[in-house]
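Chemist: Pasting in a structure now, in structure tokens, and then I'll have a few things to ask.
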Amino acid sequence: AQSVTQPDIHITVSEGASLELRCNYSYGATPYLFWYVQSPGQGLQLLLKYFSGDTLVQGIKGFEAEFKRSQSSFNLRKPSVHWSDAAEYFCAVAGWGGGKLIFGQGTELSVKP
Amino acid sequence: DTAVSQTPKYLVTQMGNDKSIKCEQNLGHDTMYWYKQDSKKFLKIMFSYNNKELIINETVPNRFSPKSPDKAHLNLHINSLELGDSAVYFCASSQARDLPTGELFFGEGSRLTVL
Numbered sequence: 001a002q003s004v005t006q007p008d009i010h011i012t013v014s015e016g017a018s019l020e021l022r023c024n025y026s027y028g029a030t031p032y033l034f035w036y037v038q039s040p041g042q043g044l045q046l047l048l049k050y051f052s053g054d055t056l057v058q059g060i061k062g063f064e065a066e067f068k069r070s071q072s073s074f075n076l077r078k079p080s081v082h083w084s085d086a087a088e089y090f091c092a093v094a095g096w097g098g099g100k101l102i103f104g105q106g107t108e109l110s111v112k113p
Numbered sequence: 114d115t116a117v118s119q120t121p122k123y124l125v126t127q128m129g130n131d132k133s134i135k136c137e138q139n140l141g142h143d144t145m146y147w148y149k150q151d152s153k154k155f156l157k158i159m160f161s162y163n164n165k166e167l168i169i170n171e172t173v174p175n176r177f178s179p180k181s182p183d184k185a186h187l188n189l190h191i192n193s194l195e196l197g198d199s200a201v202y203f204c205a206s207s208q209a210r211d212l213p214t215g216e217l218f219f220g221e222g223s224r225l226t227v228l
């Protein structure tokens, strides 16, 4: 069965520091992977997605993620975090024809000045 | 204009009552979804409709009944509300029925509190 694990429930980083949020997936075939961000009281917004091709994908707001098949991972990174990045981040997986996203538990990011 | 809009944004009600949440999207998408986010922020799909046809129904109690009068609207009706129904319900839409070819656009959520 498809599943997504985000090992870190809560991460705190200093503004300007680099960020890496971890995501591990379980899926038998080629996964389709997504990162979404949820600001407080808001819906989810797509940051980036991986379908195929280059394993390093660029997204909005300066985020990038790298797909590593050997590690079943799709970690999200940002070189310099801004206070406005404080939010909940969700990794998700979808299978072709599945028509649905399976979400991880989410990682809450706090940014300290 | 809000792409995916849900009403109401907040809903507080008593156990046993029946309530509805409405969703509308103006993106011209064919597929709409209901997701439930529990108190631990875990998101799980409940239903999906493609052009008014139910295509996903994820072992949700019969008390939950989605209705799609047209492809731009997907409403969620909940009968005999229980304490465990308290959650944030998100409506979403996508252009493609198969997600890998598209992305989900989410509404802002409807926070349901059952007392």
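Respectively, the protein sequence lines represent chains A and B.
So in this note's numbering, spot 110 of the first sequence is number 110, and the numbers just go up one at a time.
For this note's numbering, add 113 to where a residue sits in the second sequence, where the first one is 1.
Cβ coordinates follow ideal geometry from the N, Cα and C atoms, glycine included.
Nothing here was measured: the structure is a model prediction, and the numbers come from that model.
What are the partner residues of glutamine 150(B), as DSSP defines its beta bridges?
Modeler: Mapped onto the second sequence, residue 150(B) falls at position 37. DSSP output for glutamine 150(B) lists Leu156(B) and Val201(B) as bridge partner(s).
Chemist: Give me the residue from Val117(B), Leu124(B) and Thr120(B) with the minimum Cα distance to leucine 228(B).
Modeler: Counting from one through the second sequence, the residue named residue 228(B) turns up at place 115. The shortest Cα separation from leucine 228(B) among Val117(B), Leu124(B) and Thr120(B) belongs to Leu124(B).
Chemist: Okay, do the segment 64-81 of chain A and the segment 16-23 of chain A touch, 3+ Cβ pairs below 8 Å being the bar?
Modeler: The segment 64-81 of chain A vs the segment 16-23 of chain A: in contact.
Chemist: Would you say the beta carbon of leucine 56(A) is closer than 8 Å to some non-hydrogen atom of the ligand SAM?
Modeler: The ligand content of the structure shown is nil, which means the ligand SAM is not present either.
Chemist: Using a Cβ-Cβ cutoff of less than 6 Å, which residues in the same chain neighbour lysine 154(B) once the five nearest sequence positions on both sides are dropped?
Modeler: Residue numbering aside, residue 154(B) sits at position 41 when the second sequence is read from its first letter. Excluding sequence neighbours, lysine 154(B) sits near nothing in its chain.
Chemist: Along the segment 160-189 of chain B, what residues have a CB closer than 9 Å to any CB found in chain A?
Modeler: Against chain A - using a Cβ distance shorter than 9 Å - the residues of the segment 160-189 of chain B are Ser161, Asn163, Ile168, Ile169 and Glu171.
Chemist: For chain A, find out if any of its Cβ atoms is closer than 9 Å to the Cβ of glycine 222(B); answer yes or no.
Modeler: What you label residue 222(B) is simply residue 109 of the second sequence in a count that begins at 1. Chain A contact via Cβ: present.
Chemist: Rounded to whole angstroms, what's the CA-CA distance from isoleucine 158(B) to glutamate 171(B)? Just pull it up for me.
Modeler: One-based indexing of the second sequence puts residue 158(B) at position 45. One-based indexing of the second sequence puts residue 171(B) at position 58. Answer to the nearest angstrom: the Cα atoms are 7 Å apart.
Chemist: Applying a beta-carbon distance threshold of less than 8 Å, which residues of chain A neighbour leucine 194(B)?
Modeler: Taking the second sequence and counting its residues from 1, the one referred to as residue 194(B) is at position 81. Going along chain A, no residue has its Cβ under 8 Å from leucine 194(B), so there is no contact; the nearest lies around 23 Å.
Chemist: Quick one, which residues of the segment 121-142 of chain B are near chain A if we go by CB-CB under 7 Å, in chain order?
Modeler: Going along the segment 121-142 of chain B in chain order, one finds no residue with a Cβ nearer than 7 Å to chain A.
Chemist: Just checking my contact of asparagine 192(B) with isoleucine 134(B) at CB under 8 Å: how many whole Å lie between their CB atoms?
Modeler: The residue you call residue 192(B) lines up with position 79 of the second sequence. The residue you call residue 134(B) lines up with position 21 of the second sequence. The pair is not a contact, with the Cβ atoms about 13 Å apart (cut-off 8 Å).
Chemist: Closest Cβ-Cβ distance between leucine 21(A) and chain B: below 9 Å?
Modeler: On the first sequence, position 21 is the one that residue 21(A) refers to. No - not a single Cβ of chain B is within 9 Å of the one on leucine 21(A).
Chemist: Could you give the residue range of the beta strand (DSSP E) that holds isoleucine 134(B)?
Modeler: For the purposes of this step, residue 134(B) is taken as the residue at position 21 of the second sequence. Unbroken beta strand (DSSP E) run through isoleucine 134(B): 132-138.
Chemist: For the beta strand (DSSP E) that arginine 77(A) lies in, which residues bound it at each end?
Modeler: Translated into positions along the first sequence, residue 77(A) becomes position 77. 73-78 is the span of the beta strand (DSSP E), which, as asked, contains arginine 77(A).
Chemist: Assign lysine 180(B) to one of three DSSP states: helix, strand, or coil.
Modeler: Taking the second sequence and counting its residues from 1, the one referred to as residue 180(B) is at position 67. Three-state result, lysine 180(B): strand.
Chemist: Count the other C-beta atoms from every protein chain shown that fall within 10 angstroms of the C-beta of histidine 82(A), then say buried if there are 16 or more, exposed otherwise.
Modeler: Taking the first residue of the first sequence as position 1, residue 82(A) is located at position 82. Classification of histidine 82(A): exposed, given that the 10 Å Cβ count is below 16.
Chemist: Whose C-alpha, out of Thr226(B), Gly220(B) and Asn175(B), is nearest the C-alpha of alanine 200(B)?
Modeler: Residue 200(B) sits at position 87 when you count from the first residue of the second sequence. Taking only the C-alpha atoms, the option nearest alanine 200(B) is Thr226(B).
Chemist: Which residues, taken in chain order from the segment 73-94 of chain A, show a beta carbon closer than 7 Å to some beta carbon of chain B?
Modeler: Those residues of the segment 73-94 of chain A that come within reach of chain B (Cβ to Cβ, closer than 7 Å) are Glu88, Phe90 and Ala94.
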